[in-house]
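K.L.:
Take a look at this one; I'll ask things after.
Numbering (the working numbering), first residue to last: 1 to 138.
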(Lines of atoms letter the chains of each structure in order from A; the text may use other names.)
(Lines give C-alpha, C1' and ligand atoms only; values in the text may rest on other atoms or scores of the structure.)
Protein backbone atom coordinates (compact mmCIF):
# COMPACT_ATOMS: atom_id res chain seq x y z
CA UNK A 1 0.00 0.00 0.00
CA UNK A 2 2.80 2.40 0.86
CA UNK A 3 4.53 1.67 -2.45
CA UNK A 4 1.40 2.55 -4.42
CA UNK A 5 1.03 5.81 -2.48
CA UNK A 6 4.72 6.61 -3.07
CA UNK A 7 4.38 5.89 -6.79
CA UNK A 8 1.16 7.89 -7.04
CA UNK A 9 2.65 10.92 -5.30
CA UNK A 10 5.87 10.64 -7.27
CA UNK A 11 3.98 10.57 -10.58
CA UNK A 12 1.81 13.48 -9.46
CA UNK A 13 4.60 15.78 -8.29
CA UNK A 14 6.88 14.87 -11.19
CA UNK A 15 4.27 15.65 -13.85
CA UNK A 16 4.64 12.23 -15.42
CA UNK A 17 0.99 11.89 -16.43
CA UNK A 18 0.86 15.14 -18.41
CA UNK A 19 4.12 14.24 -20.10
CA UNK A 20 2.74 10.82 -21.10
CA UNK A 21 -0.42 12.42 -22.56
CA UNK A 22 1.65 14.85 -24.64
CA UNK A 23 3.96 12.07 -25.79
CA UNK A 24 1.04 9.85 -26.85
CA UNK A 25 -0.52 12.70 -28.83
CA UNK A 26 2.78 13.24 -30.62
CA UNK A 27 2.96 9.53 -31.39
CA UNK A 28 -0.51 9.66 -32.90
CA UNK A 29 0.42 12.67 -35.05
CA UNK A 30 3.30 10.91 -36.74
CA UNK A 31 2.24 9.16 -39.88
CA UNK A 32 2.86 5.43 -40.00
CA UNK A 33 1.94 5.03 -43.68
CA UNK A 34 4.77 5.35 -46.17
CA UNK A 35 3.69 5.89 -49.76
CA UNK A 36 5.79 3.69 -51.98
CA UNK A 37 3.94 4.66 -55.14
CA UNK A 38 6.84 6.40 -56.81
CA UNK A 39 6.01 7.71 -60.24
CA UNK A 40 2.55 6.21 -60.26
CA UNK A 41 -0.76 7.98 -60.56
CA UNK A 42 -2.73 9.36 -57.67
CA UNK A 43 -6.39 8.88 -56.83
CA UNK A 44 -8.26 11.91 -58.11
CA UNK A 45 -11.49 11.82 -56.11
CA UNK A 46 -9.92 11.00 -52.78
CA UNK A 47 -10.62 13.52 -49.99
CA UNK A 48 -7.81 13.99 -47.54
CA UNK A 49 -8.82 15.51 -44.21
CA UNK A 50 -5.81 15.35 -41.90
CA UNK A 51 -7.49 17.14 -39.00
CA UNK A 52 -10.50 14.83 -39.10
CA UNK A 53 -8.27 11.78 -39.33
CA UNK A 54 -6.22 13.01 -36.38
CA UNK A 55 -9.33 13.56 -34.24
CA UNK A 56 -10.60 10.09 -35.11
CA UNK A 57 -7.25 8.51 -34.18
CA UNK A 58 -7.20 10.34 -30.82
CA UNK A 59 -10.83 9.46 -30.17
CA UNK A 60 -10.32 5.75 -30.83
CA UNK A 61 -6.98 5.36 -29.02
CA UNK A 62 -7.37 3.22 -25.89
CA UNK A 63 -3.98 4.18 -24.42
CA UNK A 64 -4.91 7.85 -24.57
CA UNK A 65 -8.22 7.13 -22.83
CA UNK A 66 -6.37 5.37 -20.01
CA UNK A 67 -4.08 8.37 -19.67
CA UNK A 68 -7.11 10.65 -19.49
CA UNK A 69 -8.42 8.50 -16.63
CA UNK A 70 -5.09 9.01 -14.87
CA UNK A 71 -5.42 12.75 -15.49
CA UNK A 72 -8.81 12.67 -13.76
CA UNK A 73 -7.16 10.84 -10.88
CA UNK A 74 -4.55 13.60 -10.85
CA UNK A 75 -7.32 16.16 -10.39
CA UNK A 76 -8.63 14.15 -7.43
CA UNK A 77 -5.15 14.20 -5.92
CA UNK A 78 -5.08 17.98 -6.31
CA UNK A 79 -8.41 18.24 -4.51
CA UNK A 80 -7.21 16.03 -1.66
CA UNK A 81 -3.92 17.95 -1.34
CA UNK A 82 -5.87 21.19 -1.01
CA UNK A 83 -7.12 19.96 2.36
CA UNK A 84 -3.58 19.75 3.79
CA UNK A 85 -1.29 22.41 5.20
CA UNK A 86 0.79 24.23 2.56
CA UNK A 87 4.07 23.48 4.32
CA UNK A 88 3.32 19.78 4.47
CA UNK A 89 2.40 19.67 0.77
CA UNK A 90 5.61 21.54 -0.05
CA UNK A 91 7.59 19.00 1.96
CA UNK A 92 5.91 16.16 0.10
CA UNK A 93 6.61 17.92 -3.19
CA UNK A 94 10.30 18.15 -2.37
CA UNK A 95 10.36 14.51 -1.33
CA UNK A 96 8.50 13.02 -4.30
CA UNK A 97 9.46 15.24 -7.23
CA UNK A 98 11.94 13.22 -9.27
CA UNK A 99 12.81 16.11 -11.57
CA UNK A 100 14.49 18.22 -8.90
CA UNK A 101 16.90 15.56 -7.58
CA UNK A 102 16.75 17.28 -4.20
CA UNK A 103 14.61 14.71 -2.45
CA UNK A 104 17.14 13.70 0.17
CA UNK A 105 16.08 13.97 3.78
CA UNK A 106 19.06 16.15 4.69
CA UNK A 107 18.10 18.73 2.11
CA UNK A 108 14.44 18.71 3.14
CA UNK A 109 15.36 19.01 6.84
CA UNK A 110 17.63 21.94 6.02
CA UNK A 111 14.89 23.79 4.16
CA UNK A 112 12.30 23.31 6.88
CA UNK A 113 14.77 23.85 9.72
CA UNK A 114 13.88 20.55 11.35
CA UNK A 115 15.47 17.23 12.17
CA UNK A 116 15.48 14.46 9.56
CA UNK A 117 13.48 12.14 11.80
CA UNK A 118 10.86 14.86 12.32
CA UNK A 119 10.51 15.30 8.56
CA UNK A 120 10.18 11.55 8.08
CA UNK A 121 7.49 11.35 10.76
CA UNK A 122 5.56 14.22 9.19
CA UNK A 123 5.73 12.62 5.74
CA UNK A 124 4.70 9.23 7.17
CA UNK A 125 1.71 10.86 8.88
CA UNK A 126 0.93 12.78 5.68
CA UNK A 127 0.93 9.57 3.63
CA UNK A 128 -1.38 7.85 6.08
CA UNK A 129 -3.87 10.73 6.09
CA UNK A 130 -3.56 11.13 2.33
CA UNK A 131 -4.32 7.47 1.68
CA UNK A 132 -7.34 7.58 3.98
CA UNK A 133 -8.73 10.69 2.27
CA UNK A 134 -7.83 9.66 -1.28
CA UNK A 135 -9.29 6.16 -1.19
CA UNK A 136 -12.42 7.52 0.51
CA UNK A 137 -12.65 10.25 -2.17
CA UNK A 138 -12.00 7.78 -4.96
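From the three backbone atoms N, C-alpha and C, an ideal C-beta is built for every residue, glycine too.
Roughly how many whole angstroms lie between the Cα atoms of residue 110 and residue 81?
P.N.:
23 Å
K.L.:
Could you name the residues of the same chain whose beta carbon sits closer than 6 Å to that of residue 117, not counting the 5 residues immediately before and after it, in chain order?
P.N.:
none
K.L.:
For residue 130, which three-state DSSP category applies?
P.N.:
helix
K.L.:
Could you pull out every unbroken alpha helix (DSSP H) segment of at least 4 residues lying fully inside the stretch 46-92, listed in chain order?
P.N.:
50-60, 62-81
K.L.:
When the Cβ atoms of the stretch 91-108 are set against those of the stretch 45-53, are three or more pairs found closer than 8 Å?
P.N.:
Short answer: they don't touch.
K.L.:
Taking three-plus beta-carbon pairs below 8 Å as touching, is the stretch 60-74 in contact with the stretch 15-29?
P.N.:
yes
K.L.:
At what residues does the alpha helix (DSSP H) containing residue 16 begin and finish?
P.N.:
16-29
K.L.:
Mapping DSSP to helix, strand and coil, what is residue 114?
P.N.:
It is coil, neither helix nor strand.
K.L.:
For a test of the three-state rule: what should DSSP assign to residue 108, helix, strand or coil?
P.N.:
helix
K.L.:
Could you give the DSSP three-state label for residue 38: helix, strand or coil?
P.N.:
Three-state DSSP puts residue 38 in coil, outside helix and strand.
K.L.:
My output table needs one value for residue 121: the three-state DSSP class, helix, strand or coil.
P.N.:
helix
K.L.:
Helix, strand or coil: which one does DSSP assign to residue 99?
P.N.:
coil
K.L.:
Report the three-state DSSP secondary structure of residue 32 (helix, strand or coil).
P.N.:
Coil, per DSSP.
K.L.:
Relative to the C-alpha of residue 8, which candidate in 38, 68, 73, 84 has its C-alpha closest?
P.N.:
73
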